[in-house]
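Each remark here refers to the structure printed beneath this line.
In the numbering used here, the protein residues as written are 246 to 687.
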């Protein structure tokens with residue numbers, strides 16, 4: 246038996262005890278897949294496609310959203326926001342204006358917030374459920390949307406989080422079971438919201454970091470009632486929390502500007518903290534081999550690898566920080582660990598680095614991904630390949646390995662911020678206008 250502590254991503258136990266549920270590799274229940282790491286462990290999706298090649302189906306997506314799609318059995322679920330063009334009193338809404346550089350103007354129209362269910366077979370819409378209708382109080386980043394938090398499912402219920410527009414629990418047929426208003430976020434620079442929720446057992450974990458009273462909360466996933474809430478001395482962050490089982494006990498890990506922290510899942514009590522991240526936190530932490538990998542960039546880069554077993558208190562100068570790195574770190578995309586290698590994007594650019602996840606040994610660094618310009622989507626992996634998608638519609642496929650090897654460059658006619666979902670031999674790419682199913686076709 247390995248002497249390493251058992252570190253398991255939340256989803257292993259999220260489905261435990263559910264009727265007929267198993268940890269299925271052929272499902273993608275969160276934006277980062279069945280183990281929360283962006284890796285598909287079965288199937289062999291295509292490495293080449295275009296608007297004319299290997300498109301099983303392509304369907305229009307209502308409204309606008311940058312949240313990633315999730316997949317459970319024969320259904321695909323996504324969230325979106327639809328601008329009604331109407332003011333709260335029902336009159337035509339005036340144009341919101343141009344805003345300022347990099348920031349959308351405050352909306353003037355009511356937005357309807359929807360959860361949409363599609364059939365995996367042909368992309369047909371199965372149901373669409375409106376869960377809120379409200380005038381958004383912030384415009385968000387110029388490249389952002391009002392539906393950026395991704396949904397999550399345990400196979401029995403679907404949890405759609407719209408940040409300031411509420412947390413909504415639905416059954417898989419679209420019936421709203423409960424909704425909870427958590428407040429109103431005031432985000433840094435009015436950039437908008439983005440952290441997605443996390444499930445573990447009966448707890449639904451929400452990170453509420455903003456320029457006000459920040460907190461971490463655990464909700465009863467069946468009722469929406471708060472199990473506990475802990476104040477966080479943090480400003481706005483956009484990273485989703487992850488849950489690891491460390492030395493037999495689950496802990497929630499949340500990246501932060503002032504400090505990254507781990508909390509006891511049952512009580513919410515602080516276990517450890519570690520300073521050292523950059524001034525903007527967007528990438529979600531990665532769990533790998535008894536460690537958590539934290540990455541961020543804003544004016545400087547930071548990558549920290551923390552050994553979790555026995556970690557308590559302030560870790561900043563402790564041996565639990567096994568190695569660090571500061572070059573070519575990501576701003577928006579999360580990293581990827583595949584076959585023991587850590588892949589990550591430089592800022593939001595088409596530049597990739599590959600390091601040994603255990604030691605930090607550099608395999609290659611700052612490798613330019615010719616054909617890719619701006620990258621928001623997080624890389625994914627399957628069948629020995631790594632997939633990196635740009636906002637401009639290109640996906641570069643690389644061979645997984647210690648040397649940089651291009652396989653194919655593919656292009657679609659859309660804007661892509663959402664991360665790819667992979668189920669079996671199919672891939673699902675959500676653009677601003679369309680959802681694509683990529684599969685080998687005759």
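For glycine and all other residues, C-beta sits at the position ideal for the given N, C-alpha and C.
Ranking 647, 595, 664, 674 by CA distance to the CA of residue 441 puts 664 first. For the segment 325-406, the full-length beta strand (DSSP E) segments reaching 3 residues or more read 356-364, 370-379, 402-406 along the chain.
Of 358, 475, 387, the smallest CA-CA separation from residue 377 is found for 358. Residue 580 carries a coil assignment under DSSP once its states are collapsed to helix, strand and coil. The criterion of a C-beta distance shorter than 8 Å is satisfied by residue 412 and residue 427. Distance from the CA atom of residue 383 to the CA atom of residue 606, rounded to whole angstroms, is 43 Å.
The continuous beta strand (DSSP E) containing residue 413 extends over residues 412-416. With 16 or more other Cβ atoms inside 10 Å of its own Cβ, residue 283 counts as buried. Closest in alpha carbon position to residue 439, among 527, 615, 495, 517, is 527. Counting other Cβ atoms within 10 Å of its Cβ, residue 622 reaches 16 or more and is therefore classed as buried. Per DSSP, the continuous beta strand (DSSP E) segment holding residue 490 begins and ends at 487-491. Here the segment 651-663 lies against the segment 616-632, with 3 or more beta-carbon pairs under 8 Å apart. Looking only at 630, 637, 563, 585, the smallest Cα-Cα distance to residue 651 is reached by 630. Using a Cβ distance threshold of 8 Å, residue 596 and residue 581 do not count as a contacting pair.
DSSP places residue 424 within a strand segment (E or B) once states are collapsed to three. Residue 667 has 672 as its beta-bridge partners, per DSSP. Bridge partners of residue 284 according to DSSP: 626. Looking at the backbone, the Cα of residue 432 and that of residue 627 are separated by about 35 Å. Between the C-alpha atoms of residue 632 and residue 293 there is a straight-line separation of about 11 Å. Contact between residue 429 and residue 459 does not hold, since their C-beta atoms are separated by about 13 Å, which reaches or exceeds 8 Å. With fewer than 16 neighbouring CB atoms inside 10 Å of its own CB, residue 305 falls in the exposed class. The alpha-carbon separation between residue 683 and residue 645 amounts to approximately 20 Å. A direct Cα-to-Cα measurement between residue 611 and residue 570 gives close to 13 Å. Cβ-Cβ separation between residue 464 and residue 444: approximately 10 Å, too far for a contact (criterion under 8 Å).
Judged by their CB atoms, residue 316 and residue 370 are not nearer to each other than the 8 Å cut-off. Cβ-Cβ separation between residue 407 and residue 324: approximately 7 Å, consistent with a contact (criterion under 8 Å). Secondary-structure assignment with DSSP links residue 677 through no beta bridge to anything. By the neighbour-count criterion, in which 16 or more other beta carbons inside 10 Å mark a residue as buried, residue 308 falls on the buried side. By the Cβ rule, the segment 553-560 does not count as touching the segment 573-589, because fewer than three pairs are nearer than 8 Å. Distance from the CA of residue 367 to the CA of residue 546, rounded to the nearest whole angstrom, comes to 43 Å. Here residue 567 is exposed: its Cβ has fewer than 16 other Cβ atoms, across all protein chains shown, within 10 Å.
Looking only at 589, 602, 485, 666, the smallest Cα-Cα distance to residue 536 is reached by 602.
If the five residues before and after residue 530 are omitted, its C-beta is found closer than 6 Å to the C-beta atoms of 487, 498, 500, 537, 539, all from its own chain and listed in chain order. When the beta-carbon positions are compared, residue 342 and residue 386 stay at least 8 Å from each other. Sixteen is the threshold: since fewer than 16 other Cβ atoms of the shown chains lie within 10 Å of the Cβ of residue 544, the residue is exposed.
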